[in-house]
Structures are given as C-alpha cells and as structure tokens.
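Student:
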Amino acid sequence: GLPEAAALGYRDRIPKLIEDYDARPPEEKPYGLTGADIAFIFSGLSGEIDFVLSLMKNVCDINVGQDSDVGNVGRSAALSGNVDLVRMLVNEHGVQLENPLSRRPIAFEALCAP
C-alpha cells in the first residue's frame, strides 16, 4: 500500500497510490489525512533526503500527523536512522519531534550536532 511504498522509497508507485487513496470514501481515511500526507509521513522511513523533499512539496502542514498515533515525518525519519535527514527536517524545515517515540538518541544527536 501507500505507507509501505513511501517507506521503501518506491517513487514510481507513489503517484498512483496517492490517487487511489484519495479516491476512497472519507470513512476509509484514518485521521482525515490525504494521500500526499500519508506518503510524506512515511517517506521519512526511507531515509532518502531527496525523496522526502520531493513529497514535502505536496503537504500543507510540515508537521502533519503529529497529533495522531501515526506521528509525523520527524518520527519516521528518526526511526530511519539517517541523522542528516533528521537534522535537515528539524533545523531547516521546522519539523517537530513531537513525542517520546520520536525522541530517540539519533534525534537528539541531530538536534545537538553542529
């Protein structure tokens, strides 16, 4: 599905999966998120900076998902283990590391490093 494709960085599949997701009825969309939101949130798990940045252009709120069980792109980026991605999202784009699950040592390292 869409979250898995985004997490694995399957760029060629994302547009069609977003389209399919957005065509679903509202009751089938958890937390009211759009397909672009889902793709952006889970893209952090890919650890691919350029992929995450390409999907960032399609969301209205950089911290989308932060107030849900899903978490935001900051959480998924921290889980990816890519310090440079976490640092870029937090320091250059204002992504919040919103909950204890995302505040792993790698996230703190990214915040504290020069």
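Heads up: the sequence shown begins at -3 in the working numbering, then just goes up one per residue.
Idealized CB from N, CA, C, for every residue including glycine.
1) Measure the C-alpha to C-alpha separation of Ser42 and Leu93 and round it to an integer number of angstroms.
2) What residue ranges within the stretch 9 to 33 form continuous alpha helix (DSSP H) runs of no fewer than 4 residues, ordered along the chain?
3) Identify whether Val69 lies in helix, strand or coil by the three-state DSSP scheme.
4) Looking at Gly77 and Val91, is the spacing between their C-beta atoms short of 7 Å?
5) Quick check on Asn87: does DSSP put it in helix, strand or coil?
6) Let's see if you can read the secondary structure: which residues bound the alpha helix (DSSP H) around Glu44?
Tutor: Result, derived from the coordinates:
1) Position 46 of the sequence shown, counting from 1, holds the residue named residue 42. Position 97 of the sequence shown, counting from 1, holds the residue named residue 93. The alpha-carbon of Ser42 is positioned some 17 Å away from that of Leu93.
2) The stretch 9 to 33 contains these whole alpha helix (DSSP H) runs: 10 to 18.
3) Within the sequence shown, residue 69 is the residue found at index 73, counting from 1. Residue state, collapsed to three classes: helix.
4) By one-based count along the sequence shown, residue 91 stands at place 95. By one-based count along the sequence shown, residue 77 stands at place 81. Not in contact: Val91 and Gly77 (Cβ atoms no closer than 7 Å).
5) For the purposes of this step, residue 87 is taken as the residue at position 91 of the sequence shown. In the structure shown, Asn87 sits in a helix (DSSP, three-state: H, G or I).
6) Taking the sequence shown and counting its residues from 1, one reaches residue 44 at position 48. Premise fails: Glu44 is in no alpha helix (DSSP H) and is neither H nor E.
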